[in-house]
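> Please read through the structure below; I'll follow up with questions.
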Amino acid sequence: MPEIQPLGNIDLLVSQLDLEEKIKLLSGEGSFQTASLPNRGIPSILTSDGPHGLRGARRFMRVPSCLLPSATAMGATFSVELMHRVGNILGQEARNKGVHVLLAPTVCLLRSPLMGRGFEAFSEDPILTGHLASAYINGIQEYGVAACIKHFAAHDQSSNSIEDNVCMTQRTLRELHLLPFQLALRLSAPMAFMTSYNRINGVHSSEDPLLLQTILRKEWGFDGLVISDWWGTYSTSEALNAGLDLEMPGPTQFRGKLLEIAVKTRKISEAAVDKAVKNVLRLVQKVSAVGREPFDGDVNTEENRALIRRVAADSIVLLKNESNVLPLSSSDADGAKVYGLIGSHFQYPTLSGGGSAEGDPYYSMTPYQAMVEAVGEENLVYTPGCYTFKFSPFIKQLKQPDTGDAGWLVEIYGEDPEVNAHAIPLYSSPTNKDLIDIPESLHHLFPKKYYVRARTIYTAEKSTRFRFGFSVAGKGRVKINKHDAIDLWSSQPPKTEDTPCFNRLSMEKFYDLNVTAGQEIPIEMVLVNEDITGGVGTAFTLAGRLGGYETLDAEQGLRDAAKVARAVDVPIVMTGLTTNHESENSDRKHLRLPPGADRLIETVLDANPNAIIVTQSGCPIEMPWSAKAHTLLHAWYGGQETGHGLVDIVFGRVNPAARLPMTFPQSVRHNPAYLSFGKSDYTIMYGEGVFIGHRYYEAVDRAPLFYFGHGLSYTTFRYSNFTVPTVFHPDAAFEMTISVDVTNSGSYPGSEVVQVYISDEESSVLRPARELKAFSKVYVEVGETKTVRLTIDKYALSFWSEEDSSWKAEAGTYVVIFAASADPKCEVARRAFELPGTVYWSKP
419 MPEIQPLGNI
429 DLLVSQLDLE
439 EKIKLLSGEG
449 SFQTASLPNR
459 GIPSILTSDG
469 PHGLRGARRF
479 MRVPSCLLPS
489 ATAMGATFSV
499 ELMHRVGNIL
509 GQEARNKGVH
519 VLLAPTVCLL
529 RSPLMGRGFE
539 AFSEDPILTG
549 HLASAYINGI
559 QEYGVAACIK
569 HFAAHDQSSN
579 SIEDNVCMTQ
589 RTLRELHLLP
599 FQLALRLSAP
609 MAFMTSYNRI
619 NGVHSSEDPL
629 LLQTILRKEW
639 GFDGLVISDW
649 WGTYSTSEAL
659 NAGLDLEMPG
669 PTQFRGKLLE
679 IAVKTRKISE
689 AAVDKAVKNV
699 LRLVQKVSAV
709 GREPFDGDVN
719 TEENRALIRR
729 VAADSIVLLK
739 NESNVLPLSS
749 SDADGAKVYG
759 LIGSHFQYPT
769 LSGGGSAEGD
779 PYYSMTPYQA
789 MVEAVGEENL
799 VYTPGCYTFK
809 FSPFIKQLKQ
819 PDTGDAGWLV
829 EIYGEDPEVN
839 AHAIPLYSSP
849 TNKDLIDIPE
859 SLHHLFPKKY
869 YVRARTIYTA
879 EKSTRFRFGF
889 SVAGKGRVKI
899 NKHDAIDLWS
909 SQPPKTEDTP
919 CFNRLSMEKF
929 YDLNVTAGQE
939 IPIEMVLVNE
949 DITGGVGTAF
959 TLAGRLGGYE
969 TLDAEQGLRD
979 AAKVARAVDV
989 PIVMTGLTTN
999 HESENSDRKH
1009 LRLPPGADRL
1019 IETVLDANPN
1029 AIIVTQSGCP
1039 IEMPWSAKAH
1049 TLLHAWYGGQ
1059 ETGHGLVDIV
1069 FGRVNPAARL
1079 PMTFPQSVRH
1089 NPAYLSFGKS
1099 DYTIMYGEGV
1109 FIGHRYYEAV
1119 DRAPLFYFGH
1129 GLSYTTFRYS
1139 NFTVPTVFHP
1149 DAAFEMTISV
1159 DVTNSGSYPG
1169 SEVVQVYISD
1179 EESSVLRPAR
1189 ELKAFSKVYV
1199 EVGETKTVRL
1209 TIDKYALSFW
1219 SEEDSSWKAE
1229 AGTYVVIFAA
1239 SADPKCEVAR
1249 RAFELPGTVY
1259 WSKP
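Structure, rendered in structure tokens:
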């Protein structure tokens, strides 16, 4: 990280700036940098997306990073310790790449499983989310990098969310949608908050004085920077007066000259401008005052790779193991058995959801590769069965026509190079990235209308019928093997569903070609920046996407899958959603798997009921075949170690200890937000109130498919010696310690997640029957007993009283519920205690 000189006395520095200089500091300078004033000694600082791995700014050449499992996978670990170490990796990566502010974590709750970027959130529960987020933030900030917690607040659906007005009671807002932020601020002190795109009760978050001034600044005491989401500023006076310090990205839309006029007409006081400028400069000061020496070590270390592998394995939830098929014996890997790998996710696993959370990993380990390592390729039989991708997967066997290096050669022109063969490129660059995406940082080099030609050579891996798929932001056409192949220039098909790259690409067009193994096929793509559209949070820039795959007859694929399932010793199905099914600025319409996936699973289970079923998704899916499946794992999006994580669980190298961080419903219609999610109205009523997730299912006596907190192990645990004081005497910290002994009574060492729920037996308001209020993950050897101590505090007893405009813990009887999940049938023990007097509070 480049060294930034300390700014000295910020109050004095601000007093020396003129109005123009101050205003310049309150908006970005380009896509990911703040503005600088070199003559005043004020540098710009660099931000980056990346809750699961740093993305950095768009450029032609890859800048790889560690790619961690999705946040929902992290949530499934229920491990505060692991999240702290995850934060450390991200902090190291940021320092290594010169990034000062990491735009993470996302702590909005999973109100609905249809949320397109729901995979970026930890869970449906505010307590679990807040505690995991705080450990993650502490891990990042230990390296002198600022964490920017987001999206403040209630960013609970993704598709064009700038138009949404979410309406809820103050109690719902406080108890659910603000509480994770409140806990994270209390336990970790993030240096920055990012506002959400949407309105809350009629006011956009980026210009809401209740949210930014009354709650965040005055009640919670936050003294850091408030930053807009990208293009999430919608006003000049309202936003700055409400407390939005920094508009991102640059160039400004609502500040600059408009802000100068607002100050001169007294719509905004210069004191308000000074306050915002000081918040910007304090952040610059913080990231320069802590750990200024660059982190020059390698982040892609064996230690970090092992940690990411551990997170991947520790996140996989064992949902069912009725026949005790798992774990497969390590002796099974000696070549005596044949394993059937059924499903395209073995070769094309989903590493991440789409949008700003996508990363470019140093490497990726597919489940197929990991199984080859484990048992040898000679003991594997693979068949895709069916494809689940929404858009063609990127083609990997590409090389530049002149150098032979991997990737494409990109040339940019001021005229169409196909019309004028003698046109001279204005700019050229190789790229080893899959997507041809023109960085906005280069736009100033080109005329208003420009053309791009990208050339590569594809080498066929096998003799087959191969299908190329092309989509574009702008207009484009493709030549394959020197023939006109795909035209998205003269016309484009209507959009029938959301598309990649923040929903800004066209639908795909296809071209089929018979290829032979080793054949070299030249490909040329020509693009023009006309008719470009963009989604929320993304630049309007030219892009072309070429994918491809071996064609597959659907019915033959099912027949092949059934044949393999019957013939092998151990059939394993792996299928699910892909990056383009769950993506930013794109919400799902249903919870079903892609076409053919459910049929594939049913077909295999009919052929062999002992088949192991592995699903991948970032959020819940429906499982109409679940009753047939005896062995079921949910693997989320596993990052660069997806393959190793799965194989470690299957062969018992890691004893599964993950728990579902959200409820899996039987049907999307059962979800409490079902009638109020989507685009039927721009005003979205949070009619479920505080009853989201498992709270709702118990309240209406409707069992979900799998409860929040559910997850099995290869061993068994016994609870004993429950210690709960009979009276809670609030001290200054308003805390009470409870404990339980956990014994590993099975035959495998492993970890148990102790879950503590609280029930308010005499509440004056309607409260859930149980709410998670404490949890702890403990590793226990076979036969060992460990005492687990947990803390019950004011957050565990209180509700938001709208009558008193305060948190309120009422005098009366409360019950501590020790449980293995939120399922009422999984209670282990209940112990009651009394709170002798009512307590009110507002400060975290």
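Taking the numbering used here, the leading residue of the sequence shown gets 419, the next gets one more, and so forth.
Idealized CB from N, CA, C, for every residue including glycine.
The beta strand (DSSP E) spanning residue 990 covers which residue range?
The residue you call residue 990 lines up with position 572 of the sequence shown. Where residue 990 is concerned, the enclosing beta strand (DSSP E) stretches over 988 to 994.
> On the CB-based measure, 16 or more other CB atoms within 10 Å of its CB, does residue 514 come out buried or exposed?
Position 96 of the sequence shown, counting from 1, holds the residue named residue 514. Under this definition residue 514 is a buried residue.
> For the beta strand (DSSP E) that contains residue 570, what are its first and last residues?
As a working note, residue 570 is residue 152 in the sequence shown. It spans 564 to 570 - the beta strand (DSSP E) in which residue 570 sits, taken as one unbroken run.
> Please go through the same chain and pick out, in chain order, the residues whose beta-carbon is closer than 7 angstroms to the beta-carbon of residue 383, but skip the five residues on each side of it.
Any answer about residue 383 is impossible in this case: the structure gives the chain only from 419 up to 1262.
> Is residue 1038 close to the ligand PLP? I mean its beta-carbon at under 8 angstroms from any heavy atom of the ligand.
Summarising the ligand content, the structure contains no ligands, and the ligand PLP is consequently not present.
> Quick check: the Cα distance between residue 1019 and residue 1025, rounded to an integer number of angstroms?
Indexing the sequence shown from 1 puts residue 1019 at position 601. Indexing the sequence shown from 1 puts residue 1025 at position 607. Cα to Cα, the separation comes out at about 10 angstroms.
> Taking just the CA atoms, how far does residue 869 sit from residue 592?
As a working mapping, residue 592 is identified with position 174 in the sequence shown. As a working mapping, residue 869 is identified with position 451 in the sequence shown. Their Cα atoms are separated by approximately 51 angstroms.
> Could you name the residues of the same chain whose beta carbon sits closer than 8 angstroms to that of residue 427, not counting the 5 residues immediately before and after it, in chain order?
The residue you call residue 427 lines up with position 9 of the sequence shown. Closer than 8 angstroms at Cβ, skipping near neighbours: no residue.
> Any idea what DSSP makes of residue 691, helix, strand or coil?
Indexing the sequence shown from 1 puts residue 691 at position 273. In this structure, residue 691 counts as helix in the three-state DSSP scheme.
> Could you please give the first and the last residue of the uninterrupted beta strand (DSSP E) stretch that includes residue 833?
By one-based count along the sequence shown, residue 833 stands at place 415. No beta strand (DSSP E) contains residue 833, which DSSP labels as neither H nor E.
> Return the first residue and the last residue of the alpha helix (DSSP H) that residue 428 is part of.
As a position in the sequence shown, residue 428 is number 10, starting the count at 1. First-last of the alpha helix (DSSP H) with residue 428: 428 to 434.
> Can you list, in chain order, the stretches of the beta strand (DSSP E) that have 3 or more residues and sit fully within the region 881 to 952?
882 to 891, 893 to 898, 901 to 906, 927 to 933 and 938 to 946
> Which residue spans inside the region 1007 to 1062 form an unbroken alpha helix (DSSP H) run of at least 4?
Listed in chain order, the alpha helix (DSSP H) runs fully inside the region 1007 to 1062 are 1015 to 1025, counting runs of at least 4 residues.
> Across which residues does DSSP place residue 404 in a beta bridge pair?
Coverage of the chain is limited to positions 419 through 1262, which leaves residue 404 absent and any answer about it impossible.
> Since residue 513 is in the alpha helix (DSSP H), which residue starts that stretch and which ends it?
Along the sequence shown, one-based indexing puts residue 513 at 95. Looking at the DSSP string, the run of the alpha helix (DSSP H) that includes residue 513 is 498 to 514.
> Closer than 7 angstroms by C-beta to residue 913: which residues in its own chain qualify, once you throw out the five before and the five after it? Chain order, please.
For the purposes of this step, residue 913 is taken as the residue at position 495 of the sequence shown. A distance below 7 angstroms between beta-carbons, with the five flanking residues on each side excluded, links residue 913 to the following residues of its chain, in chain order: 925.
> Express the C-alpha separation of residue 446 and residue 687 in angstroms, rounding to a whole number.
Locating residue 687 in the sequence shown gives position 269, where the first residue counts as 1. Locating residue 446 in the sequence shown gives position 28, where the first residue counts as 1. Going by the C-alpha atoms only, they are around 21 angstroms apart.
> Just reading off the beta strand (DSSP E) that residue 1237 is part of, what are its end residues?
For the purposes of this step, residue 1237 is taken as residue 819 along the sequence shown, with counting starting at 1. Per DSSP, residue 1237 belongs to the beta strand (DSSP E) from 1230 to 1237.
> For residue 577, count neighbouring C-beta atoms within 10 Å of its own C-beta (all shown protein chains included) and say buried if the count is 16 or more, exposed if not.
Along the sequence shown, read from residue 1 onward, the residue named residue 577 stands at position 159. Per the 10 Å Cβ criterion, buried.
> Would the beta-carbon of residue 793 fall within 9 angstroms of that of residue 985?
Stepping through the sequence shown from its first residue, residue 793 is reached at position 375. Stepping through the sequence shown from its first residue, residue 985 is reached at position 567. For the pair residue 793 and residue 985, the CB atoms are not nearer than the 9 angstroms cut-off.
> Between which two residues does the alpha helix (DSSP H) carrying residue 793 extend?
As a first step, residue 793 must be located in the sequence shown, where it is residue number 375. Its alpha helix (DSSP H) spans residues 785 to 793.
> Could you check which residue in 996, 452, 641 and 1186 has the C-alpha nearest to that of residue 769?
Here residue 769 corresponds to residue number 351 of the sequence shown, with the count starting at 1. Per the Cα distances, 996.
> Residue ranges of each beta strand (DSSP E) run of no fewer than 3 residues wholly in the region 718 to 773, ordered along the chain?
The region 718 to 773 contains these whole beta strand (DSSP E) runs: 735 to 739 and 757 to 760.
> Could you spell out the range, first to last residue, of the alpha helix (DSSP H) harbouring residue 1157?
On the sequence shown, residue 1157 is found 739 positions in, with the first residue counted as 1. Residue 1157 -> not in any alpha helix (DSSP H); beta strand (DSSP E) instead, spanning 1153 to 1162.
> So, does the region 604 to 615 touch the region 1128 to 1136, judging by three or more C-beta pairs under 8 angstroms?
no
> Have a look at 1235, 1205 and 1177 and flag the residue whose alpha-carbon is nearest the alpha-carbon of residue 1217.
On the sequence shown, position 799 is the one that residue 1217 refers to. When each option's Cα is compared against that of residue 1217, the closest is 1177.
> What do you get for residue 974, buried or exposed, if any count of 16 or more other CB atoms within 10 angstroms of its CB means buried?
Along the sequence shown, one-based indexing puts residue 974 at 556. By the 10 Å Cβ count, residue 974 comes out exposed.
> According to the Cβ coordinates, are residue 1090 and residue 1114 closer than 9 angstroms?
Looking up residue 1090 in the sequence shown gives position 672. Looking up residue 1114 in the sequence shown gives position 696. Between residue 1090 and residue 1114, the CB-CB gap stays under 9 angstroms.
> For residue 698, which residues of its own chain have a beta-carbon under 8 angstroms away from its beta-carbon, when the five flanking residues on both sides are left out?
Position 280 of the sequence shown holds residue 698. Counting only Cβ-Cβ distances below 8 angstroms, and skipping sequence neighbours, we find 443, 444, 452, 643, 663 and 664.
> Spatial neighbours of residue 860 within its chain, please: C-beta separation below 7 angstroms, excluding the five flanking residues on both sides.
Indexing the sequence shown from 1 puts residue 860 at position 442. 845, listed in sequence order.
> Excluding the five sequence neighbours on either side, which residues of its own chain have a C-beta within less than 7 angstroms of the C-beta of residue 790, listed in chain order?
Here residue 790 refers to the residue found at position 372 of the sequence shown. 798, listed in sequence order.
> Would a C-beta distance cut-off of 9 angstroms place residue 878 and residue 941 closer than the cut-off?
For the purposes of this step, residue 878 is identified with residue 460 of the sequence shown, where counting begins at 1. For the purposes of this step, residue 941 is identified with residue 523 of the sequence shown, where counting begins at 1. Not a contact, by the Cβ cut-off of 9 angstroms.
> Residue range of the beta strand (DSSP E) that residue 1203 falls in?
In the sequence shown, the residue the question calls residue 1203 occupies position 785. Note, residue 1203: beta strand (DSSP E), 1203 to 1211.
> Is the region 1034 to 1045 touching the region 531 to 545, taking contact as three or more C-beta pairs under 8 angstroms?
Flag = yes, the region 1034 to 1045 and the region 531 to 545 touch.
> Can you name, in chain order, every residue of its own chain whose Cβ lies under 7 angstroms from the Cβ of residue 1041, other than the five neighbours on each side?
The residue you call residue 1041 lines up with position 623 of the sequence shown. Cβ neighbours of residue 1041 beyond the five flanking positions: 1123.
> Count the other C-beta atoms from every protein chain shown that fall within 10 angstroms of the C-beta of residue 1097, then say buried if there are 16 or more, exposed otherwise.
Here residue 1097 refers to the residue found at position 679 when the sequence shown is read from its first residue. Classification for residue 1097: exposed.
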